[in-house]
C-alpha cells in the first residue's frame, strides 16, 4: 500500500504551467464527465511496482467509492473513509489508526485523481501511440510535468476506446522505477451501504487503536 500513497503524493506535488493537446483534452474531458456522473463505483485493481534492479511487486485489491467516501482493501492494509473520519487498519502491525478526513487523501485511487491532472496547470500532455495488449488497442495520453526537478518524469493513461474509461496508468521515475495501476474491473452505480465506509475497531480483536484526530 505504500506505493499507492507515494504515487498520489507525486501527482499532488508537481507544479508549473501546461500547453495542452486539444485532442487529448477532449478525451480527458469526456472521461472525466463519465466518472463524475457515477453515483458510486467499485474497482478491482492491481498495482505492479518494478524497481530498477529488483523483481516486480504485485498488489491486488478492491476499491469502492460513493461521493467523497471511499474504502480500499489491500493485502497489507485496509482504509475506510466516510468523508469525516478515516480508519487505517495495518494488518501486519495489528494497529488501527484513526484520523480526520482530508480532501487530499493520498490513498484514494479513484480514476478522478488521475483525470484531474489535465486541468491542474502542472503538466504538458498529448496523445501517445496506442497501447496494444492481447490484440486489443487502447488510446493513450502522455503527461510530462513541466517542473523537471520532480522524481517522476512521465505518466501515461491508457483508455478503453469505446467507453473512454481508464484501463491502466503507467508511472515512470527518473531512477528507473516503474509503477503500473491496472483497473481490472469497474462496476459503476452499484448500491454500497453507508456503513461500508466505516470501521468498528471492536470487531477486530487484539488490535492496538491509535486515535490521531485533532
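Residue numbers (our numbering): 885 to 1098.
All residues carry an ideal CB built from backbone N, CA and C; glycine is no exception.
Sub-8 Å separation of residue i and residue j beta-carbons
i            : j            : result
residue 948  : residue 939  : no
residue 1071 : residue 926  : yes
residue 908  : residue 1067 : no
residue 1027 : residue 1009 : yes
Close Cβ partners of residue i (< 7 Å) along its chain, the five nearest in sequence each way excluded
i            : result
residue 1048 : 911, 914, 915 and 918
residue 899  : With a pLDDT of 41 at residue 899, under the threshold of 50, the modelled position of this residue cannot be trusted; read the value that follows with caution. Result list for residue 899: 1006 and 1031, in chain order.
residue 901  : For residue 901, the predicted structure reports a pLDDT of 41, less than 50, and the residue's modelled location is therefore unreliable. A value from the coordinates is still provided. Correct list, in chain order: 1005 and 1030.
residue 967  : 951, 952, 953 and 985
Sequence-distant residues of its chain with Cβ nearer than 6 Å to residue i (five each side left out)
i            : result
residue 942  : 932
residue 994  : 949
residue 1015 : 1022, 1024 and 1042
residue 1033 : none
residue 1069 : 928
Residue from the options whose Cα sits closest to the Cα of residue i
i            : options                   : result
residue 985  : 1089, 1091 and 1082       : 1082
residue 1023 : 1052, 1032, 1097 and 1093 : 1052
residue 1064 : 921, 935 and 920          : 935
residue 953  : 965, 945, 1037 and 961    : 965
residue 1045 : 1025, 1032 and 1039       : 1025
residue 923  : 959, 1078 and 1086        : 1078
residue 1073 : 945, 906, 937 and 951     : 951
residue 957  : 905, 969 and 944          : 944
residue 1085 : 987, 973, 1076 and 1019   : 973
residue 906  : 930, 1003, 992 and 971    : 1003
residue 1095 : 971, 929, 1000 and 1017   : 971
residue 937  : 1038, 1060, 1097 and 946  : 1060
Closer than 7 Å: residue i CB and nearest the ligand SAH heavy atom
i           : result
residue 951 : Judged by which ligands are present, the structure shown has none, so any question about the ligand SAH falls away.
Neighbourhood of residue i by C-beta, 8 Å cutoff - its chain only, sequence neighbours within 5 removed
i            : result
residue 920  : 996
residue 1098 : 984
Quick check on the DSSP output: what are the complete beta strand (DSSP E) runs of length 3 or more inside the segment 1011–1067, in order along the chain?
With a minimum length of 3 residues, the continuous beta strand (DSSP E) runs that stay inside the segment 1011–1067 are 1020–1029, 1036–1044 and 1050–1057.
Stretch-stretch touch, CB-based, cutoff 8 Å, three pairs: the segment 1082–1096 with the segment 970–989:
With a cut-off of 8 Å on Cβ pairs, the segment 1082–1096 is in contact with the segment 970–989, counting three or more such pairs.
Could you name each continuous beta strand (DSSP E) segment of 3 residues or more that falls completely within the segment 950–995, going from the start of the chain to the end?
Segments of the beta strand (DSSP E) lying fully in the segment 950–995: 953–957, 961–965, 969–974 and 979–984.
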